[in-house]
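First to last, the protein sequences are chains A and B. Note that numbering that gives the first Met the number 0 has the first sequence beginning at 0, numbered continuously upward. Note that numbering that gives the first Met the number 0 has the second sequence beginning at 0, numbered continuously upward. Glycine is no exception: its CB is placed at the ideal position from the N, C-alpha and C atoms. The structure appears right after this line, and notes come after that.
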Amino acid sequence: MNVPNSFRTGPDESGHFGIFGGRFVAETLMPLILDLEKAYNEAKADPAYKAEMDAGLKHYVGRPSPLYYAERLTEHLRANSEPGKGAKIYFKREELNHTGSHKVNNVLGQILLARRMGKKRIIAETGAGQHGVATATLCARYGLECVVYMGAVDVSRQAPNVFRMKMLGATVVPVQSGSKTLKDAMNEALRDWVTNVDSTFYCIGTVAGPHPYPGMVRDFQSVIGNETREQMLEAEGRLPDSLVACIGGGSNAMGLFHPFLDDPSVKIFGVEAAGHGIPTGEHAASLTGGRPGVLHGNRTYLLMDDDGQIAEAHSISAGLDYPGIGPEHSWLHDIGRATYISATDEEALSAFQLVAKLEGIIPALEPAHALAKVAELAPTFPQDHLMVVNLSGRGDKDIPQVADILGTRL
Amino acid sequence: MTTRLDVRFASCASEGRAALVTFVTAGDPDYDTSLALLKALPGAGADVIELGVPFTDPMADGPAIQAAGLRALKAGQTLRKTLAMVRAFRETNDSTPIVLMGYYNPIYIYGVDRFLADAKEAGVDGLVVVDLPPEEDNELCLPALLAGLAFIRLATPTTDDKRLPAVLANTAGFVYYVSITGITGAATPKPDVVAQAVARIKRHTALPVAVGFGVKTPEHAAAIAAGADGVVVGSALIDALRGTLDAEDKATPATIPAVTRLVGDLAAAVHGARRQAAE
């Protein structure tokens, strides 16, 4: 395979990262995504748009988020490592953003774009509810109508976020079709968009969907990696040696990874959800257990059967419970620039509890998958190895579910 | 090359009437019932058959066709079996065109070249693949045309005059005008608005234009038929089929007659429409 001069130039004009990506949508939506692409390209070139974004990120979202040295986790893992081993671990604190996760970075960008395009009605899909909450929040802030599609299964396991969205004035539609999780929520959002073409802006929550969404959402999330770069240079005088992030669709990971793709010294690890374990078939690890196919507007790795029917994903974490992955991750996987591994439900649950006790930070179940692999990776590197993990969300939303699993009645 | 689609639309035109295009989902509620229904459709009055290829995630379909696809998948339908069904249909019918309608992933996974060869051999005449706009023509549209299968394009209310030539460029057989912005079986299109849209498309192409999405009753089909070369009815037939299933979604003796009766009513209405309008 040809290795490009830069890993940061994608997508090409037709929306492809290698063979991945593209615009696999119904004709009704095609003029809409062409309009969106045009509007986004104009906005990118407009200093007023950038100024509005920067101000929103600083004063409303609360950026920059800290890069925090996780001293006790580092020491804990060193105590279990061979002498001289045990990487120095930093958390990129995206859970401190307004609304409690990285999702708001992207939503701010898209909502400001929707305003430029004169759209008054915003729709979104959500899994864990973090993207739904972020969308409902920005819609409240700008006085826009907000409809959030959420799988009926996720509505029941993420009840706190459903209530938050309603408090913020959004309409939450429980989706009863298919597997009643994130993929079905996305189907239903697309059905809404194809019906309400004039009034509606579809705010996609991850680096997937038809072009221009994967590249656009990545651009909005790249603030994570850009800040990390500056903060690490300030803290340690050099770049990190490795990056670790969890992946459902992959937006927090792509936001951290993208600014470092052309720094060959930086190792990159994406962590998919292995659910009950890859061999059981009950997981959400599209790269590890899937193959390239076409769904939701893009070609990417998908979980499916031999007839091309999409399989139901499984993860303890509603935010990772998706049978696909952003197309740029599929490309980075195929060319080998990033390494993709996976963590089981059980491993994530252990990491969730470990980090709460050692660092006083309750992570969301999604980044708990990344933390589970940090616990495995860190002992394999020397002590001067700088490892950054994206703490992409806080665990408040998961408290009822985790309490239930651990046998505690709230 | 003259195809079954060309012949059928030409003969309808020479009779001064629109074609009735009937949609059913392959394998709904099971393979044998579905094949028997397929064989009964031409006799009931269907001029062209659209055969839905079941998919787990039909983004452009409403609840009726979503449920039909899931019933078929549950009963074990696959793309391979759908092609076998067409082959079995062709043993007794060589004139009624069959168009497969579905989504790209099952075809992509089957393998495009192998699929085109097998579909052609089975007796498929055309393809409607909802999630392949002209921007993705290299995927299936151009290979299909080379293989001698019509790639039938969807034109929609959002397809403006500037975009229409691109949409019509590599299409063949007929143009499928999606009469509403929305999913199958949802809103009901207004006949006068649809007739204007069809006239707009016909200024850009010599191909027949069939209208679908949301056409439900014989009266409504007749009104649409007065301004188009064909009328597509799908969700209404699926609803008729579903209404006859037992508590476990299995076929009953009423299943096939319920669908063919509605096809008969629709055919009488559609076939009579243009004549009425002309008199």
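Query, Result
"8 Å Cβ cutoff, M58/B in contact with chain A", "yes"
"C11/B, enclosing alpha helix (DSSP H) - first and last residue", "R3 to S13"
"Neighbour list for R162/B in chain A, Cβ cutoff strictly below 8 Å", "M29 and P30"
"Terminal residues of the beta strand (DSSP E) in which L50/B lies", "V47 to G51"
"Reduced DSSP category for S113/A - H, G, I as helix; E, B as strand; rest coil", "At residue 113/A the sequence reads Ala, which differs from the Ser that was named. A113/A falls in the helix class under three-state DSSP."
"Interface residues of chain A facing A185/B [CB-CB closer than 8 Å]", "T194"
"Of the residues F351/A, G20/A, S64/A and Y321/A, the one placed nearest K179/A, counting alpha carbons only", "Y321/A"
"First through last residue of the beta strand (DSSP E) which encompasses F173/B", "It is not in any beta strand (DSSP E) - F173/B carries neither H nor E in the DSSP assignment."
"Positions along the region 152-178 of chain A whose CB lies within less than 8 Å of some CB in chain B", "S176 and G177"
"Alpha-carbon spacing of G117/A relative to G204/A, whole angstroms", "20 Å"
"Selected residue, minimal CA-CA separation from S178/B, among Q195/B, L167/B, Y103/B and V6/B", "Q195/B"
"Selection from R393/A, A377/A, D383/A and I340/A that minimises the alpha carbon distance to H75/A", "A377/A"
"One or two residues paired with Y30/B in a DSSP bridge", "Answer by DSSP bridge pairing: none, since Y30/B is not bridged."
"Three-state class that DSSP yields for G208/A in the structure shown", "coil"
"Beta-carbon proximity list for A402/A, same chain, < 8 Å, skipping 5 on both sides", "R408 and L409"
"Below-8 Å beta-carbon distance, R190/A vs any chain C residue", "No chain C appears in this structure, whose protein chains are A and B."
"Any 3 or more C-beta pairs closer than 8 Å across the region 343-350 of chain A and the region 55-74 of chain A", "no"
"Nonlocal neighbours in the same chain, by C-beta distance under 7 Å from P53/B, ignoring five residues either side", "T24, A25, G26, G68, A71, L72 and Q76"
"contact_flag[the region 85-105 of chain A, the region 331-341 of chain A] where n(CB pairs < 8 Å) is 3 or more", "no"
"N- and C-terminal bounds of the alpha helix (DSSP H) containing Y48/A", "P46 to G55"
"6 Å CB neighbourhood of Y67/A in its chain, flanking five on each side removed", "F90 and R92"
"Collapsed DSSP secondary structure at L255/A in the structure displayed", "helix"
"Positions along the region 166-195 of chain B whose CB lies within less than 9 Å of some CB in chain A", "V166, V177, I179, T180, G181, I182, A185 and A186"
"Residue-level contact to chain A via CB, Y30/B, 8 Å cutoff", "no"
"Beta carbon proximity, P105/B to chain A, threshold 8 Å", "yes"
"Status (buried if at least 16 other CB within 10 Å, exposed otherwise) for V6/B", "exposed"
"Cutoff 6 Å; reference V85/B; Cβ partners in own chain excluding five residues on either side", "I97, A121, G122 and V123"
"Sequence-distant residues of its chain with Cβ nearer than 7 Å to P30/A (five each side left out)", "none"
"Cβ shell of R120/A (< 6 Å), same chain only, five flanking positions each side left out", "E144, S198 and T199"
"Per-residue burial, K189/B [other beta carbons within 10 Å of its own, 16 or more giving buried]", "exposed"
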